[in-house]
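As structure tokens, the structure follows; a few thoughts come after it.
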Amino acid sequence: MKERAIEHMNSDHHDTVVAFCKRFGSFKDVSNVKLTDMNEDGLIITCDQGEVFAPFLQKASDGNYKDAIMTLYRSIDVGNGLEKIEAGMVDFVDSLKTVVISSVHQDMQCVGSYAPFVKIDDAIYICLSSVAEHYHSIKANPNKISLLFIEDESTAKTIFARHRLSIKGEAKFIEDEALRNEIFDKLAEKNPKESAIKQLRNMSDFYIIKVELKDGRYVKGFGAAYNSKGLKLSQAAGESNPHRKNPHGHNPHGHNPHNPHQK
Numbered sequence: 150m151k152e153r154a155i156e157h158m159n160s161d162h163h164d165t166v167v168a169f170c171k172r173f174g175s176f177k178d179v180s181n182v183k184l185t186d187m188n189e190d191g192l193i194i195t196c197d198q199g200e201v202f203a204p205f206l207q208k209a210s211d212g213n214y215k216d217a218i219m220t221l222y223r224s225i226d227v228g229n230g231l232e233k234i235e236a237g238m239v240d241f242v243d244s245l246k247t248v249v250i251s252s253v254h255q256d257m258q259c260v261g262s263y264a265p266f267v268k269i270d271d272a273i274y275i276c277l278s279s280v281a282e283h284y285h286s287i288k289a290n291p292n293k294i295s296l297l298f299i300e301d302e303s304t305a306k307t308i309f310a311r312h313r314l315s316i317k318g319e320a321k322f323i324e325d326e327a328l329r330n331e332i333f334d335k336l337a338e339k340n341p342k343e344s345a346i347k348q349l350r351n352m353s354d355f356y357i358i359k360v361e362l363k364d365g366r367y368v369k370g371f372g373a374a375y376n377s378k379g380l381k382l383s384q385a386a387g388e389s390n391p392h393r394k395n396p397h398g399h400n401p402h403g404h405n406p407h408n409p410h411q412k
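Add 149 to the 1-based position in the sequence shown for the numbering used here, that's all there is to it.
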């Protein structure tokens, strides 16, 4: 188990190993950084410049290195690396062309959809047609919207922790014709191969909607979640690992989930 954890850290979280090496070592620059061992007290990291010991904040009891590593990472990351993570979040949003939209219809039913978008400053602008269901749900409840920017499945290391930003917002329909044209120009610039944009901008049923971003949650992977206000990260979110194994090794609900008639 320990060997697998070491291999996982070196292959999938090497940037974290480097961060530990820089934080707990006395070296200005480091190279060929590698996690070589770990015990209940901390991590042993080697690099060309020497060996570094990164102490856990609490002993890793019962070989639970994952929680200990996450807690240690948060302790050095929130104060020192938040700006870098925030910049990575913004770059991630900018890399996408569409956003998933959750809205609420007049009858309070949820509506799931998506739309092309552009980002200007800290606001998101989406393009919707008035014949689409989500146009009417956003019109009915402009302050009940959530946007999801999410990594493509094909590039994700795991489908259980896809890179994503989920954020609440408030919609405002753009009536200014000059601003509408500006947004269509930016959509065309962002999507140069989409010839349909030129046609859509001349159709009266296509609207530009500004979404002012509110509270959100940015997730980089397992144990790496951050709260946000708009596109500004405020703090690391929650405990290091809220998930717990079932100690009895069976269905925690006490019945067979495949038998709906079982009481």
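Just so it is clear, CB atoms sit at the ideal spot from N, CA and C, and this is done for glycine as well.
Extent of the continuous alpha helix (DSSP H) to which residue i belongs
i      : result
ALA337 : 326-339
MET238 : 231-243
ILE155 : 151-161
ALA345 : 345-349
GLU282 : 282-289
Residue i to residue j span [Cα, whole Å]
i      : j      : result
GLN198 : ARG313 : 36 Å
LYS151 : SER175 : 26 Å
SER389 : ILE155 : Caution applies to SER389, whose pLDDT of 44 falls short of 50 and renders its modelled position unreliable; the value that the coordinates give is listed next. Their backbone Cα atoms lie some 19 Å apart in a straight line.
HIS285 : LYS381 : 30 Å
PHE205 : ILE225 : 11 Å
VAL227 : ILE218 : The predicted model places VAL227 with a pLDDT of 48, which falls under 50 and marks its position as unreliable; any figure quoted below should be read in that light. Their Cα atoms are separated by approximately 14 Å.
ILE308 : LEU297 : 15 Å
GLU343 : VAL182 : 44 Å
ASP164 : THR220 : 16 Å
ARG172 : ALA373 : 18 Å
CYS196 : SER180 : 6 Å
GLU338 : TYR367 : 27 Å
LEU336 : TYR222 : 38 Å
GLN348 : ASP325 : 19 Å
DSSP bridge partner residues for residue i (one or two, in chain order)
i      : result
SER252 : VAL260 and ILE294
CYS170 : Per DSSP, none; premise fails for CYS170.
LYS453 : For the chain, the structure presents residues 150 to 412; residue 453 sits outside this window and is missing.
ASP178 : According to DSSP, ASP178 bridges with nothing at all.
LYS321 : LYS359
GLY370 : ALA373
ILE299 : ARG313
Minimum C-alpha distance to residue i - residue among the options
i      : options                           : result
GLU300 : LYS369, LYS317 and HIS285         : LYS369
LYS306 : ALA154, GLU331 and ASP161         : ASP161
THR247 : ASN290, TYR263 and MET238         : TYR263
GLY106 : ILE269, GLU338, ASN188 and THR220 : As displayed, the chain neither begins before 150 nor continues past 412, which places residue 106 out of reach and without an answer.
GLN258 : SER278, LEU245, GLU319 and ALA289 : ALA289
ASP243 : LEU184, ASN340 and ASN181         : ASN340
LYS378 : MET238, PHE169, PHE371 and TYR222 : MET238
PHE371 : GLU331, GLU338, LEU336 and ALA310 : ALA310
GLU331 : ILE269, ASP216 and LYS215         : ILE269
LYS321 : ILE358, SER383 and LYS177         : ILE358
HIS157 : LYS215, PHE169 and GLU235         : LYS215
ALA168 : ARG153, ILE234 and VAL267         : ILE234
First through last residue of the beta strand (DSSP E) which encompasses residue i
i      : result
LEU380 : Careful: LEU380 lies outside any beta strand (DSSP E) and carries neither H nor E.
MET187 : 183-188
GLY191 : 191-196
ALA203 : 199-204
CB of residue i within 8 Å of CB of residue j, strictly
i      : j      : result
ASP240 : LEU362 : no
LYS208 : ASP186 : no
PHE446 : ILE346 : What is shown of the chain runs 150 to 412, which leaves residue 446 out entirely.
VAL166 : ILE194 : yes
ILE294 : LYS317 : yes
VAL260 : HIS283 : yes
ILE273 : PRO265 : no
SER315 : GLY365 : yes
ASN292 : GLU319 : yes
LEU277 : TYR375 : no
ASP354 : VAL280 : yes
Heavy atom of the ligand GTP within 7 Å of residue i beta-carbon
i      : result
ALA337 : Here there are no bound small molecules, and the ligand GTP is not part of this structure.
Below-8 Å beta-carbon distance, residue i vs any chain D residue
i      : result
PHE266 : The structure shown has no chain D; it contains just one protein chain.
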